[in-house]
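With the first letter of the sequence shown counted as 1, position 156 gets the number 156 in the UniProt record's numbering; the numbers rise by one all the way through. Note that the Cβ used here is the ideal one computed from N, Cα and C, for glycine as well. None of the values given here were measured: they were computed from a predicted structure. Structure first, commentary second.
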Amino acid sequence: MPREKSAVSVSFLSIWLKAAIYLETTVACRFDLERRIAMQLGQAVLDDLLIPSFSSDTSFDVDTVQRIMMNYLESDMENHSVYNADDEYYSSPQRDVFRVGKLLESYLAEIATDRNLSVEKFISLAELMPQKSRTTEDGMYRAIDIYLKAHLFLSDTDRKKVCSMMDFQKLSREARAH
C-alpha cells in the first residue's frame with residue numbers, strides 16, 4: 001500500500017482496519033493503519049470511525065478510535081512546530097481541526113446510546129476534543145444529553161463528571177433553550 005498521505009482514502013483505510021481487527025492481524029499492522037487514518041482524519045466521515053467491537057462489551061471499538069485521535073493530536077502538535085522554506089512558522093490547516101472536532105462530537109453522540117459505554121471511557125474520548133476546535137459546545141451538549149438519557153442510573157457524581165466536559169458559556173441560544 002502506498003505510504004504517501006492521501007494516496008489512499010480514509011474510507012478505504014477504515015475498511016482495511018476493520019478487516020484487520022476482525023482477522024486479528026498483527027498489532028503493528030493495525031497501528032500502522034490507525035496512524036494512516038489519523039494523518040487524514042480531517043477527510044474522515046462518521047462511518048469511518050464506527051468500527052465494530054469484536055472483543056469487548058461495547059458495540060463499537062472505542063479504544064481504536066481513541067488511539068486514532070491520539071495519533072491525530074500528536075501529528076497536529078508536530079505540525080505546529082514546522083517551518084516552511086522561508087523559515088516562516090505555519091500551523092496545520094485550521095479547517096481540519098474544526099472538522100475533526102465535529103467528527104468526534106458526532107462519534108460521541110453515536111456511541112452515547114451504548115449502555116455498556118462507561119463514564120470513564122466517554123470522558124476520556126471527550127477529553128481528546130481539541131479545544132481550538134470548539135467554537136460552540138452544541139455538539140458536545142448533544143452527545144452528553146444522549147449519554148445521560150441512555151444511562152439513567154448514573155450517580156450524581158458521575159453525571160457531574162460527564163457534564164464537566166462542556167463549557168456552558170459556549171452554548172448557543174438554541175442549546176440553552178433545550
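- [ ] Report yes if the CB atom of Asp145 is closer than 8 Å to the CB atom of Ser172, and no otherwise.
- [x] Between Asp145 and Ser172, the gap from beta carbon to beta carbon reaches 8 Å or more.
Task: Residues near Ile51 by beta carbon distance below 8 Å, same chain, minus five either side - done: Ser14, Leu17, Lys18, Ile21, Phe60, Asp61, Thr64 and Val65
Open item on the list: Please identify the residue among Phe98, Phe153, Gln43 and Met129 whose C-alpha is closest to the C-alpha of Arg67.
Closed with: Met129
TODO: Apply the 10 Å Cβ neighbour rule to Val27 and answer buried if 16 or more other Cβ atoms are within range, or exposed otherwise.
DONE: exposed
Open item on the list: On a Cα-Cα basis, can you pick out the residue from Phe12, Phe98, Ala109 and Asp32 that is closest to Leu125?
Closed with: Ala109
Task: Member of Met69, Phe98, Val162 and Lys132 whose CA lies at the smallest distance from the CA of Ala112 - done: Val162
Task: Bridge partner(s) assigned by DSSP for Phe60 - done: Residue pairing by DSSP places Phe60 opposite Pro52 in a beta bridge.
Open item on the list: Using only the alpha-carbon positions, how far apart do Cys29 and Lys160 sit?
Closed with: 39 Å
Task: Cutoff 7 Å; reference Lys132; Cβ partners in own chain excluding five residues on either side - done: Non-local C-beta neighbours of Lys132 in its own chain, meaning closer than 7 Å and more than five positions away in sequence, comprise Val97, ordered along the chain.
Task: Lys102 to Met70 span [Cα, whole Å] - done: 16 Å
Task: Cβ neighbours of Asp158 in the same chain (closer than 6 Å, five flanking residues each side left out) - done: So the list reads Val119, once near-sequence residues are dropped.
Open item on the list: Check this for me: beta carbons of Ala44 and Val10, under 8 Å apart or not?
Closed with: The Cβ atoms of Ala44 and Val10 lie closer than 8 Å to each other.
- [ ] Just the C-alpha distance for Leu46 and Asp156, rounded to the nearest angstrom, thanks.
- [x] One Cα belongs to Leu46, the other to Asp156, and the distance between them is close to 31 Å.
Open item on the list: Taking the beta carbon of Tyr12 as the centre, do at least 16 other beta carbons fall within 10 Å, making it buried, or is it exposed?
Closed with: One detail in the question is off: residue 12 reads as Phe in this sequence, not Tyr. Phe12 should be labelled exposed.
Task: Where the alpha helix (DSSP H) through Val27 begins and ends - done: Val27 to Met39
Task: Inter-residue Cα distance where the pair is Val82 and Ala177 - done: Confidence at Val82 is low in this model, with a pLDDT of 45, below 50, so the placement of that residue is unreliable and no value is reported for it.
Task: Rounded C-alpha distance that separates Asp114 from Ala150 - done: Between Asp114 and Ala150, the C-alpha separation is close to 7 Å.
Open item on the list: Using a Cβ-Cβ cutoff of less than 8 Å, which residues in the same chain neighbour Glu105 once the five nearest sequence positions on both sides are dropped?
Closed with: The beta carbon of Glu105 lies closer than 8 Å to those of Met129, Gly139, Met140, Arg142 and Ala143 in the same chain, with the five residues before and after it left out.
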